[in-house]
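Numbering (the UniProt record's numbering), first residue to last: 1 to 210.
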């Protein structure tokens with residue numbers, strides 16, 4: 001075997017190994033999401049998570065020192081799903097500010113309702129065990145995607161020319177999530193979720209329109 005062939009085999013070996021490790025990590029996090037959503041964080045044990053994931057208990061500790069370290073990984077998983085749904089939903093819509101905002105609101109409300117138990121524990125876990133910088137890093141892909149949409153809308157004079165795009169994206173995400181969480185988590189808002197969503201979209205459309 002030549003040096004070139006040896007290097008090729010080594011690269012392939014590394015790629016396969018890294019892929020397997022990534023798969024194990026994803027299995028653990030996904031299992032944690034499912035078990036915690038069913039049993040709650042306090043009643044969920046590491047042994048239950050690894051059993052559900054189909055991996056050895058020692059494998060868990062290769063990635064996480066404790067159950068608490070799952071918090072940012074679970075938050076990232078939910079945000080990735082939210083961004084994926086957002087892209088899928090908005091990709092079929094025309095380039096209109098209100099359509100983008102409607103997609104943001106619909107997906108945020110749906111996920112908050114679906115994952116409300118997990119979101120509640122994530123907030124408390126992030127506040128207790130992790131920094132705000134960690135939280136910002138998790139949200140970064142979401143903000144960046146929305147910034148791209150806002151830039152495109154602004155280039156066509158469909159978005160206000162006042163304010164920087166990063167700030168507008170950050171404020172929009174914050175307000176949308178506050179609306180969803182006040183309805184499903186704190187119950188500060190009551191009644192029909194469709195009315196809540198409609199008023200939120202109308203408010204944001206007026207605030208962001210050119």
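We treat Cβ as the ideally placed atom computed from N, Cα and C, and that holds for glycine. All of these numbers come straight from a predicted model, not from anything done at the bench.
Close beta carbons around residue i, own chain, < 8 Å, minus the five adjacent residues each side
{"i": "residue 205", "result": "97, 98, 101"}
{"i": "residue 87", "result": "145"}
C-alpha gap between residue i and residue j, whole angstroms
{"i": "residue 184", "j": "residue 167", "result": "26 Å"}
{"i": "residue 54", "j": "residue 44", "result": "16 Å"}
{"i": "residue 82", "j": "residue 58", "result": "31 Å"}
{"i": "residue 106", "j": "residue 153", "result": "20 Å"}
{"i": "residue 50", "j": "residue 56", "result": "6 Å"}
{"i": "residue 191", "j": "residue 62", "result": "46 Å"}
{"i": "residue 76", "j": "residue 93", "result": "26 Å"}
{"i": "residue 113", "j": "residue 47", "result": "28 Å"}
{"i": "residue 132", "j": "residue 31", "result": "25 Å"}
{"i": "residue 171", "j": "residue 40", "result": "31 Å"}
Residue environment, residue i, which counts as buried when at least 16 other CB atoms sit within 10 Å
{"i": "residue 72", "result": "buried"}
{"i": "residue 203", "result": "exposed"}
{"i": "residue 179", "result": "buried"}
{"i": "residue 64", "result": "buried"}
{"i": "residue 95", "result": "exposed"}
{"i": "residue 103", "result": "buried"}
{"i": "residue 108", "result": "buried"}
{"i": "residue 84", "result": "exposed"}
For residue i, the first and last residue of its enclosing alpha helix (DSSP H)
{"i": "residue 194", "result": "193-208"}
{"i": "residue 41", "result": "Taken as a continuous stretch (DSSP letters only), residue 41 belongs to no alpha helix (DSSP H), as it is neither H nor E."}
{"i": "residue 152", "result": "132-155"}
{"i": "residue 96", "result": "It is not in any alpha helix (DSSP H) - residue 96 carries neither H nor E in the DSSP assignment."}
{"i": "residue 115", "result": "Neither: residue 115 is in no alpha helix (DSSP H) and is coded neither H nor E."}
{"i": "residue 181", "result": "165-184"}
{"i": "residue 47", "result": "46-53"}
Interface flag, residue i vs chain D, CB-CB below 7 Å
{"i": "residue 113", "result": "Among the protein chains of the structure shown there is no chain D, as only one such chain exists."}
8 Å contact criterion, which residue i and residue j should meet: CB distance rounded
{"i": "residue 125", "j": "residue 210", "result": "Not quite, the Cβ-Cβ distance comes to about 40 Å (not below 8 Å), so this is no contact."}
{"i": "residue 200", "j": "residue 176", "result": "7 Å"}
{"i": "residue 28", "j": "residue 60", "result": "6 Å"}
Sequence-distant residues of its chain with Cβ nearer than 6 Å to residue i (five each side left out)
{"i": "residue 158", "result": "97"}
{"i": "residue 115", "result": "78"}
{"i": "residue 5", "result": "Here the model assigns residue 5 a pLDDT of 48, short of 50, so the residue's position is not dependable and the matter cannot be decided."}
{"i": "residue 198", "result": "none"}
Contacts around residue i, its chain only, beta-carbon distance under 7 Å, and the 5 residues preceding and following it disregarded
{"i": "residue 150", "result": "159, 165, 168, 169"}
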